[in-house]
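Peer 1: Have a look at this one before I ask anything.
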Amino acid sequence: MKKILYLFLFVNASSIMIAKTVYDPIATLVAVGPMGEGNEAAAKAWPKAAALGAEALPDLLAAMDKASGIGQNWLRAAVDTIVQRTLKEGKKLPTEELNDFLANTKHIPASRRLAFELIQKASPKRAAKLVPGFIDDPAPELRRDAVALIIEKAIGESNEDSACSLYEKALAAARDVDQIELTAKALREKNRVVDLPKIMGFLMRWKVIGPFDNTDRKGFNVPYPPEKKIDFSATYDGKNDKVKWTDFSTSDQFGKVDINLEYGELKQVVAYAHNTFQLSEARELQFRLGCKNAWKVWLNGELLFARDEYHRGQRIDQYVFSAKLKKGKNEILVKFCQNEQEQSWTKQWEFQMRLTDASGTAVLAGNRLPTPKAPATKR
Amino acid sequence: MKNLFTIYIILILTLSLANADWTSFRGSAGNGFGNEPGLPTKLDGNKSIAWKVELPGRGLSSPVVVGNKIFLTASSGPRQERLHVIAVNAKDGETLWERQFQSTGRTVCHKKTCVAAPTAVSDGKVVVAQFSSNDVFCLDLDGNLKWLRGLTLDYPNAANSLGMSSSPVIADGVFVTQVENDADSFSAGLDLGTGKTLWRKSRPKGANWTSPTVLKGAKGEELAVLQSGKGLLVVEPKTGKDRWNYAEGASTIPSTTVMGSSLFIPSNGLTAVKSREDGRSHTQLWRANKLAPGTASPVVSGNRIYVLNKANVLTSANPSNGELGWRLRLKGPFSGSPVANKTHFYVFSENGLGQVVNLTGDEGKVVSTVDLKETILCTPAISGNALYIRSDAHLWKFGG
Numbered sequence: 001m002k003k004i005l006y007l008f009l010f011v012n013a014s015s016i017m018i019a020k021t022v023y024d025p026i027a028t029l030v031a032v033g034p035m036g037e038g039n040e041a042a043a044k045a046w047p048k049a050a051a052l053g054a055e056a057l058p059d060l061l062a063a064m065d066k067a068s069g070i071g072q073n074w075l076r077a078a079v080d081t082i083v084q085r086t087l088k089e090g091k092k093l094p095t096e097e098l099n100d101f102l103a104n105t106k107h108i109p110a111s112r113r114l115a116f117e118l119i120q121k122a123s124p125k126r127a128a129k130l131v132p133g134f135i136d137d138p139a140p141e142l143r144r145d146a147v148a149l150i151i152e153k154a155i156g157e158s159n160e161d162s163a164c165s166l167y168e169k170a171l172a173a174a175r176d177v178d179q180i181e182l183t184a185k186a187l188r189e190k191n192r193v194v195d196l197p198k199i200m201g202f203l204m205r206w207k208v209i210g211p212f213d214n215t216d217r218k219g220f221n222v223p224y225p226p227e228k229k230i231d232f233s234a235t236y237d238g239k240n241d242k243v244k245w246t247d248f249s250t251s252d253q254f255g256k257v258d259i260n261l262e263y264g265e266l267k268q269v270v271a272y273a274h275n276t277f278q279l280s281e282a283r284e285l286q287f288r289l290g291c292k293n294a295w296k297v298w299l300n301g302e303l304l305f306a307r308d309e310y311h312r313g314q315r316i317d318q319y320v321f322s323a324k325l326k327k328g329k330n331e332i333l334v335k336f337c338q339n340e341q342e343q344s345w346t347k348q349w350e351f352q353m354r355l356t357d358a359s360g361t362a363v364l365a366g367n368r369l370p371t372p373k374a375p376a377t378k379r
Numbered sequence: 380m381k382n383l384f385t386i387y388i389i390l391i392l393t394l395s396l397a398n399a400d401w402t403s404f405r406g407s408a409g410n411g412f413g414n415e416p417g418l419p420t421k422l423d424g425n426k427s428i429a430w431k432v433e434l435p436g437r438g439l440s441s442p443v444v445v446g447n448k449i450f451l452t453a454s455s456g457p458r459q460e461r462l463h464v465i466a467v468n469a470k471d472g473e474t475l476w477e478r479q480f481q482s483t484g485r486t487v488c489h490k491k492t493c494v495a496a497p498t499a500v501s502d503g504k505v506v507v508a509q510f511s512s513n514d515v516f517c518l519d520l521d522g523n524l525k526w527l528r529g530l531t532l533d534y535p536n537a538a539n540s541l542g543m544s545s546s547p548v549i550a551d552g553v554f555v556t557q558v559e560n561d562a563d564s565f566s567a568g569l570d571l572g573t574g575k576t577l578w579r580k581s582r583p584k585g586a587n588w589t590s591p592t593v594l595k596g597a598k599g600e601e602l603a604v605l606q607s608g609k610g611l612l613v614v615e616p617k618t619g620k621d622r623w624n625y626a627e628g629a630s631t632i633p634s635t636t637v638m639g640s641s642l643f644i645p646s647n648g649l650t651a652v653k654s655r656e657d658g659r660s661h662t663q664l665w666r667a668n669k670l671a672p673g674t675a676s677p678v679v680s681g682n683r684i685y686v687l688n689k690a691n692v693l694t695s696a697n698p699s700n701g702e703l704g705w706r707l708r709l710k711g712p713f714s715g716s717p718v719a720n721k722t723h724f725y726v727f728s729e730n731g732l733g734q735v736v737n738l739t740g741d742e743g744k745v746v747s748t749v750d751l752k753e754t755i756l757c758t759p760a761i762s763g764n765a766l767y768i769r770s771d772a773h774l775w776k777f778g779g
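Written out as structure tokens, the structure is:
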């Protein structure tokens, strides 16, 4: 009886140890957060996670779903180490399990992409066969590969209608700016109409007000009246004269709101742009902003982000930040500032904004009007 | 006794054969000089290339070398969000290990540069890689992850839309980084063992692509030298406390070069200052407005300092008084900085043209060139009588 008890205790202790070896290190890596919190515990747990066999790869990938970007990187390093060791030892990766993992779109895009790359390492041919199926995948990096395949086919297609059909398919699926630009350009060269602002979801119609003062770049932190209250009928003291809200629309293919068109090429000034974005239901969306001027963005009166940087370049989707929009009307306010620099490359006083879901798919407002054919300004 | 003697001889031989490590941007001393007398003086495209290997991504970062391992960073993917840290065997170019991470900070940058712009740094036991996204990864030499940080995740406005490129240093056991930009500009000291923030101090707001350097005090203590548009600030690595400040402005592109207790600052041309013995103040030695560096940082070799200006003219100068010596026009443009041993100077143009200048004569003379036919924006590394250089696609080893 005593021996059985010892055996029972031994078996249980072993189970606990095994359980701890398999699961605790992974949980410790998942728990690492910003400011280096959890790094020391992770440093102790990581060798244990990295020492796991290849069969643990799906567990490590699944753990990425719960981890922050920092925790995901701890897990990635463990995955790399396991894969490198497994292949060096001439052993196989668990491709079936990885395939199942990849097929489950409930996992986050990052972990599914990594699963795909492991399949690529284990069996490039098998991975290649999977790619066309990614055309509507929620993971942008997987979808990109499928879009690239279609573009490749389109480039090699001699029949113009067939090529256009392929480009249209690629454009509909593309979420990356470079692929969207490439396909739209190809279609336009073949005289096809492409409503790029709508496809990408750029906000084209705004109410604007300015210029307010930004001498010595101080205006960035001055809460001018539009930051306190939106009143389209009001008139305020601007930098030089009284200012009031006016309608402004852009026809730029990438939604650039070039406020120089409204106020002239001014220096040391601030402008505001307001957009009412209507949704049929509340949802979290990504704000995607490009701006080479200092800027602030508010949603329904709440400051989302601010950046005090001038003329260091502008890109579509330069800044991506998420926010929860409510059902009905949402008020988006953008403050964008021009500084004192006089070089030719500092003339721009503009921004471009679009709203998307997490995969980069454009989300259009319920109250969106047709894309303007030409810019509408007061000048 | 005989055994002891044998051990002694083996030790001497081992030490003499051991590679001198090249542990950071512009070498372990941060001045571009490597005491490697056997470097190849002819960079022949066929004969002197020991090996050439493909890289998994783009990069401007330089290789660092510890023993027989070369550590390098790269970035890949449509938005350059995939960050690579690679270890390569110096002997044959074989990849020893590779770790891939995902950026947690912004990866937007000017198309000329890329996310793998800062050079990694090592203390001989760990290698710490930083990227333009301000992700920092500390691994041991076998690729085991020790800690990591996402400094833009921690401080969301710490970014430069043109890209960041400052290469960190290790001083007094502390990882010192300059995350200096227009919006949330700071420098920080992170514990090398744990990645914990030991100190973080606000720095002048403004884009800054220069790299910190390490200055050794009279008692051998290490101090971190931080350069910005405002000038130079010397701080204690463990606390971030100021030691002394040079406030007469400095460039935000080429970095300060250290030679003993002298610092050659890209400021008002080139300004030489000497750190006083107490390590708490400095004296200006000279200023030469004709010695303004272009993008490349100055390099020291023997008793000379060499400066490559915006017009691609290399000037030799006396570091004790700033007196100009010979001048030699090279084929630019240059983004990477030069390196040198006691007899030769090595630099690669943006067009991939490697140029070797003999420094031993009365005049500098280009004695060899090699066209790698790829864009080269990085600074070479020299170790074990070999020279290493990388492009966006390849890493080459010359000599060794």
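Chains as they are written, first to last, in the numbering used here: chain P, 1 to 379; chain S, 380 to 779.
Just so you know, even glycine gets a beta-carbon here, dropped at the ideal spot from N, CA and C.
Tell me which same chain residues have a C-beta within less than 7 Å of the C-beta of P/Tyr23, skipping the five on either side of it?
Peer 2: The residue labelled residue 23 of chain P in the question sits at position 23 within the first sequence. In this prediction, P/Tyr23 has a pLDDT of 49, which is less than 50 and means its spatial position is unreliable; what the coordinates show is noted afterwards. So the list is empty, once near-sequence residues are dropped.
Peer 1: Between S/Leu532 and chain P, is the shortest Cβ-Cβ distance under 9 Å, so that the two count as touching?
Peer 2: Indexing the second sequence from 1 puts residue 532 of chain S at position 153. Yes, because at least one Cβ of chain P sits closer than 9 Å to the Cβ of S/Leu532.
Peer 1: In chain S, which residues lie with their C-beta within 9 Å of the C-beta of P/Tyr310?
Peer 2: Against the first sequence, residue 310 of chain P aligns to sequence position 310. Those are Asp561, listed as they occur along chain S.
Peer 1: Quick one: Cα of P/Leu171 to Cα of P/Leu355, how far?
Peer 2: The residue you call residue 171 of chain P lines up with position 171 of the first sequence. The residue you call residue 355 of chain P lines up with position 355 of the first sequence. The straight-line gap from Cα to Cα measures roughly 18 Å.
Peer 1: Roughly how far, in whole angstroms, is the beta-carbon of P/Glu309 from the beta-carbon of S/Asp561, given that I think they are within contact range, below 8 Å?
Peer 2: On the first sequence, position 309 is the one that residue 309 of chain P refers to. On the second sequence, position 182 is the one that residue 561 of chain S refers to. P/Glu309 to S/Asp561, Cβ: 4 Å. Contact.
Peer 1: Assuming P/Ala148 is part of the beta strand (DSSP E), what are its boundary residues?
Peer 2: Here residue 148 of chain P refers to the residue found at position 148 of the first sequence. That residue, P/Ala148, is in no beta strand (DSSP E); its alpha helix (DSSP H) goes 140-156.
Peer 1: Using beta carbons (cut-off 9 Å, strictly below), is P/Val297 in contact with chain S?
Peer 2: The residue you call residue 297 of chain P lines up with position 297 of the first sequence. Not an interface residue.
Peer 1: Going straight from the alpha carbon of S/Pro717 to that of S/Phe727, what length do you get?
Peer 2: What you label residue 717 of chain S is simply residue 338 of the second sequence in a count that begins at 1. What you label residue 727 of chain S is simply residue 348 of the second sequence in a count that begins at 1. Those two C-alpha atoms are separated by around 7 Å.
Peer 1: On the premise that S/Val444 lies in contact with S/Ser762, defined as a C-beta separation below 8 Å, what is that separation, rounded to the nearest angstrom?
Peer 2: Taking the second sequence and counting its residues from 1, one reaches residue 762 of chain S at position 383. Taking the second sequence and counting its residues from 1, one reaches residue 444 of chain S at position 65. Indeed, because the Cβ distance is near 4 Å, the residues count as touching under 8 Å.
Peer 1: Alpha carbon to alpha carbon, what distance is there between S/Ala508 and P/Ala306?
Peer 2: One-based indexing of the first sequence puts residue 306 of chain P at position 306. One-based indexing of the second sequence puts residue 508 of chain S at position 129. The straight-line gap from Cα to Cα measures roughly 29 Å.
Peer 1: Cβ atoms of P/Leu203 and P/Ile316: under 9 Å apart, would you say?
Peer 2: For the purposes of this step, residue 316 of chain P is identified with residue 316 of the first sequence, where counting begins at 1. For the purposes of this step, residue 203 of chain P is identified with residue 203 of the first sequence, where counting begins at 1. Not a contact, by the Cβ cut-off of 9 Å.
Peer 1: Could you tell me the alpha carbon to alpha carbon distance between S/Ser441 and S/Asn447, rounded to whole angstroms?
Peer 2: On the second sequence, residue 441 of chain S is found 62 positions in, with the first residue counted as 1. On the second sequence, residue 447 of chain S is found 68 positions in, with the first residue counted as 1. Whole-angstrom Cα-Cα distance: 16 Å.
Peer 1: Can you grab the Cα-Cα spacing for the pair P/Phe134 / P/Asp213, in whole Å?
Peer 2: Along the first sequence, one-based indexing puts residue 134 of chain P at 134. Along the first sequence, one-based indexing puts residue 213 of chain P at 213. C-alpha separation (whole angstroms): 50 Å.
Peer 1: Note the first and the last residue of the continuous beta strand (DSSP E) segment covering S/Ser566.
Peer 2: Residue mapping note: residue 566 of chain S aligns to position 187 of the second sequence, counting from 1. First-last of the beta strand (DSSP E) with S/Ser566: 565-570.
Peer 1: What does a CB cutoff of less than 8 Å around P/Asn240 pick up in its chain, not counting 5 residues either side in sequence?
Peer 2: Along the first sequence, one-based indexing puts residue 240 of chain P at 240. Excluding positions up to five away in sequence, the list reads Pro211.
Peer 1: Taking only the alpha-carbon atoms, compute the straight-line gap between S/Gly619 and S/Val652 and give it to the nearest angstrom.
Peer 2: If you number the second sequence from 1, residue 619 of chain S lands on position 240. If you number the second sequence from 1, residue 652 of chain S lands on position 273. One C-alpha to the other measures close to 21 Å.
Peer 1: Would you list the one or two residues that DSSP bridges to S/Cys517?
Peer 2: As a first step, residue 517 of chain S is located in the second sequence; it is residue number 138 there, counting from the start. Note: S/Cys517 sits in a beta bridge opposite S/Val507, S/Trp526.
Peer 1: Out of curiosity, what's the CA-to-CA distance linking S/Ile465 and S/Ile768?
Peer 2: On the second sequence, residue 465 of chain S is found 86 positions in, with the first residue counted as 1. On the second sequence, residue 768 of chain S is found 389 positions in, with the first residue counted as 1. Computed Cα separation, rounded: 15 Å.
Peer 1: Run through chain P and tell me which residues come within less than 7 Å of S/Arg528, C-beta to C-beta.
Peer 2: Numbered from its first residue, the second sequence carries residue 528 of chain S at position 149. Ordered by position in chain P, the residues that pass the 7 Å Cβ test against S/Arg528 are Gly36.
Peer 1: The alpha helix (DSSP H) with P/Pro47 in it runs from where to where?
Peer 2: As a working mapping, residue 47 of chain P is identified with position 47 in the first sequence. Looking at the DSSP string, the run of the alpha helix (DSSP H) that includes P/Pro47 is 39-50.
Peer 1: Please state the DSSP three-state secondary structure of P/Thr21.
Peer 2: Here residue 21 of chain P refers to the residue found at position 21 of the first sequence. Since pLDDT at P/Thr21 reaches only 44, below the 50 mark, its modelled position is unreliable, and no value is offered.
Peer 1: Quick one: Cα of S/Leu693 to Cα of S/Leu670, how far?
Peer 2: Mapped onto the second sequence, residue 693 of chain S falls at position 314. Mapped onto the second sequence, residue 670 of chain S falls at position 291. Using only the alpha carbons, I get a separation of about 10 Å.
Peer 1: Say whether chain P places a C-beta atom closer than 9 Å to the C-beta of S/Thr402.
Peer 2: Position 23 of the second sequence, counted from the start, is the residue given in the question as residue 402 of chain S. For S/Thr402, the answer is no, since every Cβ of chain P falls outside 9 Å of its Cβ.
Peer 1: From the DSSP output, in three-state form, read off P/Tyr167 for me.
Peer 2: Within the first sequence, numbered from 1, the residue matching residue 167 of chain P stands at position 167. Reduced to three states, the DSSP call for P/Tyr167 is helix.
Peer 1: For P/Ile70 and chain S, any beta-carbon pair shorter than 9 Å?
Peer 2: Mapped onto the first sequence, residue 70 of chain P falls at position 70. Yes, because at least one Cβ of chain S sits closer than 9 Å to the Cβ of P/Ile70.
Peer 1: Along chain S, in chain order, which residues have C-beta atoms closer than 8 Å to that of P/Trp345?
Peer 2: The count along the first sequence starts at 1 and reaches residue 345 of chain P at position 345. Those do not exist, as P/Trp345 stays about 12 Å from chain S at its closest Cβ, beyond 8 Å.
Peer 1: Taking the alpha helix (DSSP H) that S/Arg579 belongs to, which residues open and close that run?
Peer 2: Looking up residue 579 of chain S in the second sequence gives position 200. Counting along the chain, S/Arg579 falls outside any alpha helix (DSSP H), though it belongs to the beta strand (DSSP E) covering 576-581.
Peer 1: Sort P/Glu97, P/Lys88, P/Leu93 by Cα distance to S/Trp476 and report the nearest one.
Peer 2: The count along the second sequence starts at 1 and reaches residue 476 of chain S at position 97. Checking every option, the nearest Cα to that of S/Trp476 belongs to P/Lys88.
Peer 1: Three-state secondary structure (DSSP) at S/Gly733?
Peer 2: Position 354 of the second sequence holds residue 733 of chain S. Reduced to three states, the DSSP call for S/Gly733 is strand.
Peer 1: What are the partner residues of S/Phe412, as DSSP defines its beta bridges?
Peer 2: As a position in the second sequence, residue 412 of chain S is number 33, starting the count at 1. For S/Phe412, which the question treats as bridged, DSSP gives the partners S/Ala719.
Peer 1: Reducing DSSP to helix, strand and coil, say where P/Glu265 ends up.
Peer 2: Against the first sequence, residue 265 of chain P aligns to sequence position 265. If DSSP states are grouped into helix, strand and coil, P/Glu265 belongs with coil.
Peer 1: S/Pro419: which of S/Leu756, S/Lys721, S/His773 sits nearest, CA to CA?
Peer 2: For the purposes of this step, residue 419 of chain S is taken as the residue at position 40 of the second sequence. Of S/Leu756, S/Lys721, S/His773, the residue nearest in Cα terms is S/Lys721.
Peer 1: Could you give the C-beta distance for S/Asp502 and S/Leu571, rounded to a whole number, given that I count them as a contact under 8 Å?
Peer 2: Locating residue 502 of chain S in the second sequence gives position 123, where the first residue counts as 1. Locating residue 571 of chain S in the second sequence gives position 192, where the first residue counts as 1. With 8 Å as the limit, S/Asp502 and S/Leu571 qualify as a contact, their Cβ atoms being about 7 Å apart.
Peer 1: Below 8 Å on the Cβ atoms is my guess for P/Ala49 versus P/Ile70; work out the distance and round it to an integer in Å.
Peer 2: In the first sequence, residue 49 of chain P corresponds to position 49, counting from 1. In the first sequence, residue 70 of chain P corresponds to position 70, counting from 1. P/Ala49 to P/Ile70, Cβ: 15 Å. No contact.
Peer 1: Tell me whether the beta-carbon of P/Tyr319 lies closer than 9 Å to the beta-carbon of P/Leu289.
Peer 2: As a position in the first sequence, residue 319 of chain P is number 319, starting the count at 1. As a position in the first sequence, residue 289 of chain P is number 289, starting the count at 1. Contact flag set, yes.
Peer 1: Kindly list the residues whose CB is nearer than 6 Å to the CB of P/Leu102, restricted to its own chain and excluding five residues on each side of it in sequence; keep chain order.
Peer 2: Here residue 102 of chain P refers to the residue found at position 102 when the first sequence is read from its first residue. Here the set comprises Arg112, Ala115, Phe116.
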